[in-house]
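Enquirer:
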């Protein structure tokens, strides 16, 4: 009786609620700490990115139009499914080089961060909205509204917590996301795509692309239908160029100073201000009369 | 503990059918066979179900059939003391030591369990209290889950709710709730208290304690540390014992204005914090440019939803004279289409009156309306033989001085008055010691905004009525009470700021 | 508003009288709150009908159906088959009533007339440049006359949406009155094409204009656009009919058309009709469904009630 052979997983992209291979057909090798081959990840192309933005744009109206309660429920569901699949996520991180205890801590932080942001869905409006006492017979109020399609460049490390920390606040605020995963360690992030797809997240709300950042970032920065870009995972020497390119359609450019703050600060690695980064502010006037 | 199966009550047939009913919808009864009730419930103290000190239990009946549903324990001062001690111990030793993000997770668990058991809870709520299954299923239970979800999210975010202040819990909260939305009121009370780090002793209303007991089972299933939530059943005496217990830091009461005032007197001179949510006699104001058919729906919903057992019910209709005839005519036609009967029937719109005592109160006030000279209109619907029932009713030709225009009836009875100008409407609407809610119907935005700025009520609905949401603060002005439940404002009663 | 509405005698055309009535229609107009209307429609859709009451409703629904085929590729053969189905929807159950009408394009009317002779099923035809209505009034009038002459006893016309949306209500009103006159003895259904109107306010307004101009029935849709009949739109139209009845004493019929494919939905419409209008409207003289595939779903539901088993489409003819 010969030993049982395992069925190896194929790591694909996550676009519009589906798992296509990159249209370019290209791959790149993902290696472990000792240089061993872990997987051939998709080398995402500009066309994949283009398709992802189309999907994100199409999904935006529906996602932004959901009640805050509904969005919160979906984020909580993501946490539930992550919890159920924690072992798998821990294993992906461990394979990519993290010590077991560290991998475990990272996955727990990921789950807790989803729960944290789920709880903000129906509260940040009360924090950042207002009724303004203008000097005239007008009712005047300000409400936050989601910015639109957000491009997120996830940090290299921590490959899962970093990604989740940057996309969760965009999502809970009603935005849709196209994210480029950690280049060297994409595997856990790619698995997260499966979590999203089984957590009632509508197709196109979150899109994940693995690939070479230097190939994808310039296209993201220049895309006229991306409304904001999160540069947290962009190599520091490339940030100024991204900022300049982003000016073409006045993208909001957001950056989280991971080096200074870290990812585990309950007050500063997460919070409502991260949501506010991806909100616009609308003020309305209406006369008060009879 | 023995269990009893709940049988579908086929005996709830209406009386002789009206001869002109063309289309009889056959009974469409919600099934009850998946629901198992204990024949007897004990007190939930320190995470366990314990027998009452007095060894006395009382009946909880189904007001639609007068049949016994279950027995519920009667807590005396001894039990109250035990519950408060458990709450104090849990507060000092356990709950305030748990990280806020982990507290949140307990509360999320409770929310999820309510969702999982939603249908069973809705069925029991209907059986115990008499409200239509379509309301307990579509309103009470989902909102209860939503309240727990909403406040769970605040548990680890309190520093954002109160800028520039250090936030601490109050301690042990004693909470007394009414019989009109039993499970929902329990959620309104428990969720914010727990989120802010307090522990709770809750006393449900004596005619509707069963869903509170099911909530206790859910709390056990959620593994909430023992003593964080204690539920003690009983009547007025139990509530009084809780209110006057020295080791309770805060009292939250929803119920009648009379009892609210009594509680306020009792607490005088103590350091206990207090919030009250009391009665109302809400004006529902319809202007000539209102979307008329929808306004009529709003009027109907405002007073007949939950049989009018609603503190914020729109019980005084103010209709602009120019459209009074049309509105009253439409109201008459619409009232006739209300289906009154077996609350377990999915097609029932108006269920049973919660208790014999309440039915007597309603009858007495309706008689006074007739005696004082108002013109009565009552639905000609057939009412079941057994149980407590009152046909949807409205009075026209009502003067502001009539008892039916002043006193809270808490039943399916509407008083209709007219007005000519907005100023008159505002004056008459505000001319009451109450101030819980109000409704305004007009297509004109500027008028809505003006009316809402002048109406003295804690909740105002424009072009809608009886809408509730966990993010939306609810509470009254004047003798309708003070303090808010829901929203960011709903945290305030449960925290100490320093 | 005039206390009594004077219907012009057939064959006459009195613009002065009718112009006064447009003002009457607009006087009865008022806003409709969309959120509340949709809520009411949804709550009526939650009614649960079982057993006898369900069977009664389903049979009534069949008797109210205008079995419809309106395609460029309709032929005599197609229409003949449809008429057989209309007269005997389920040959295995002779207790099932015939439908209310067969609805076709004008050129098909003679074949329908022949096929339906003596059956009691009405002969309905569209006219007036259906579905867009974007042709000259003279053509519309002529088409109506010719279609009635060919044997149609019911005419389904479309209103001029372009005129309506640009605020030219007089034109809309006058055209309906002219078509009504051209109908002669045939009854007139006026299609508002609610899917092209901006909101429920406009639906109410169009309903009132159509009724004051002489419609016997008001109808939601042509079935040829993206959004056809919905429960809230039907509710708003019924409320307008109710108000019109109160003001004039005249009972106008209502026909939702397009998008009603399931028995369950059809029953929701009937519940809405019953609870909004009362028993008087619960007959084919005052309510019709414009449908095609609905019939088989209703037949399947009826057979399920009879046999206790869920049905398959294989056992019911397509036409």
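Residue numbers (my numbering), protein chains in the order written: chain A, 562 to 851; chain B, 150 to 647; chain C, 3 to 321. Virtual Cβ for every residue (Gly too), placed ideally from N, Cα, C.
Throw me the rounded Cβ distance for the residue 175 of chain C and residue 215 of chain C pair, which I believe falls under 8 Å.
Expert: 5 Å
Enquirer: Name the chain B residues that come within less than 8 Å of residue 681 of chain A, Cβ to Cβ?
Expert: 302 and 306
Enquirer: Could you confirm whether any beta carbon from chain C is found closer than 8 Å to the beta carbon of residue 438 of chain B?
Expert: yes
Enquirer: For the stretch 620-645 of chain B, enumerate the residues whose C-beta is nearer than 8 Å to any C-beta of chain A, in chain order.
Expert: Cβ proximity to chain A below 8 Å picks out 620, 636 and 637 from the stretch 620-645 of chain B.
Enquirer: Please classify residue 492 of chain B: does DSSP put it in a helix, a strand, or coil?
Expert: coil
Enquirer: Beta carbons nearer than 8 Å to chain B: which residues of the stretch 58-72 of chain C have them?
Expert: 58 and 59
Enquirer: Suppose the cutoff is 8 Å on Cβ atoms and the five residues either side in sequence are ignored; what does the same chain contact list for residue 848 of chain A look like?
Expert: 698, 699 and 700
Enquirer: Could you tell me whether any Cβ in chain B is nearer than 8 Å to the Cβ of residue 213 of chain C?
Expert: no
Enquirer: Determine the chain B residues that contact residue 825 of chain A at a beta-carbon separation under 7 Å, and present them in chain order.
Expert: Within chain B, no residue comes near residue 825 of chain A; the closest Cβ sits about 12 Å away, beyond 7 Å.
Enquirer: Which of the three DSSP states is assigned to residue 852 of chain A in this structure?
Expert: There is no way to answer for residue 852 of chain A, as the model of chain A reaches only from 562 to 851.
Enquirer: With a threshold of 7 Å on Cβ separation, who are the neighbours of residue 319 of chain B within its own chain once the five nearest residues in sequence on each side are excluded?
Expert: 347, 398, 399, 422, 643, 644 and 645
Enquirer: Would a C-beta distance cut-off of 8 Å place residue 733 of chain A and residue 674 of chain A closer than the cut-off?
Expert: no
Enquirer: Can you look up residue 116 of chain C in the DSSP assignment and give me helix, strand or coil?
Expert: helix
Enquirer: Anything in chain A within Cβ reach of residue 254 of chain B, meaning under 9 Å, just list it in chain order.
Expert: 673 and 676
Enquirer: Touching or not, the stretch 334-346 of chain B and the stretch 488-507 of chain B, by the rule of three or more beta carbon pairs under 8 Å?
Expert: no
Enquirer: Using only the alpha-carbon positions, how far apart do residue 612 of chain B and residue 43 of chain C sit?
Expert: 16 Å
Enquirer: I'd like the span of the beta strand (DSSP E) that includes residue 422 of chain B, first residue to last.
Expert: 422-426
Enquirer: So residue 650 of chain B is in the beta strand (DSSP E); what residue range does that whole segment cover?
Expert: Shown here, chain B extends from 150 to 647; a query on residue 650 of chain B therefore has no answer.
Enquirer: Taking only three categories from DSSP, how would you classify residue 67 of chain C?
Expert: strand
Enquirer: In angstroms with no decimal places, state the Cα-to-Cα distance between residue 371 of chain B and residue 259 of chain B.
Expert: Those two C-alpha atoms are separated by around 6 Å.
Enquirer: Using DSSP with H/G/I as helix, E/B as strand and the rest coil, what is residue 118 of chain B?
Expert: With chain B covering only 150 through 647, there is no way to say anything about residue 118 of chain B.
Enquirer: Quick check: the Cα distance between residue 207 of chain B and residue 222 of chain B, rounded to an integer number of angstroms?
Expert: 6 Å
Enquirer: Using the rule of at least 16 other Cβ atoms within 10 Å of the residue's Cβ for burial, across every protein chain shown, is residue 831 of chain A buried or exposed?
Expert: Under a 10 Å Cβ-count criterion, residue 831 of chain A is classified as buried, with 16 or more other Cβ atoms of the shown protein chains found around its own Cβ.
Enquirer: Who are residue 189 of chain B's beta bridge partners in DSSP?
Expert: B:220
Enquirer: Taking Cβ-Cβ distances shorter than 8 Å, what residues in chain A pair up with residue 595 of chain B?
Expert: Those within 8 Å of residue 595 of chain B in chain A are 847, 848, 849, 850 and 851.
Enquirer: By Cβ distance, which residues of its chain are closer than 8 Å to residue 792 of chain A, with the 5 residues on each side in sequence left out?
Expert: For residue 792 of chain A, where only same-chain residues beyond five positions count, the Cβ hits under 8 Å are 714, 800, 803, 804, 814, 815 and 816.
Enquirer: Tell me whether residue 29 of chain C is buried or exposed, calling it buried when 16 or more other Cβ atoms sit within 10 Å of its Cβ.
Expert: exposed
Enquirer: Find the residues of chain B that neighbour residue 52 of chain C, judging by a C-beta separation of less than 8 Å, and give them in chain order.
Expert: 174, 175, 176 and 177
Enquirer: Assuming residue 293 of chain C contacts residue 67 of chain C under a Cβ cut-off of 8 Å, what Cβ separation, rounded to an integer in Å, is found between them?
Expert: 6 Å
Enquirer: Residues in its own chain within less than 6 Å of residue 450 of chain B by CB, not counting five upstream and five downstream?
Expert: 614 and 615
Enquirer: Roughly how many angstroms separate the alpha carbons of residue 231 of chain B and residue 252 of chain B, rounded to a whole number?
Expert: 24 Å
Enquirer: For the stretch 727-749 of chain A, list every residue whose C-beta sits within 9 Å of some C-beta in chain B, in sequence order.
Expert: none
Enquirer: Give every residue of the same chain whose Cβ lies closer than 7 Å to the Cβ of residue 704 of chain A, excluding the five residues on either side of it in the sequence, and list them in chain order.
Expert: 686, 690 and 843
Enquirer: Got a sec? Which residues, its chain only, sit under 7 Å from residue 231 of chain C by beta carbon, not counting five neighbours each side?
Expert: Shown here for residue 231 of chain C: same chain residues with a beta carbon closer than 7 Å to its own, the five before and five after excluded, namely 222, 223, 258, 259, 260, 261 and 262 in chain order.
Enquirer: How far does the beta strand (DSSP E) with residue 432 of chain B in it reach, from first residue to last?
Expert: 432-435
Enquirer: Could you check whether the stretch 571-582 of chain B touches the stretch 517-525 of chain B, counting it as contact only if at least three pairs of C-beta atoms, one from each stretch, sit closer than 8 Å?
Expert: no
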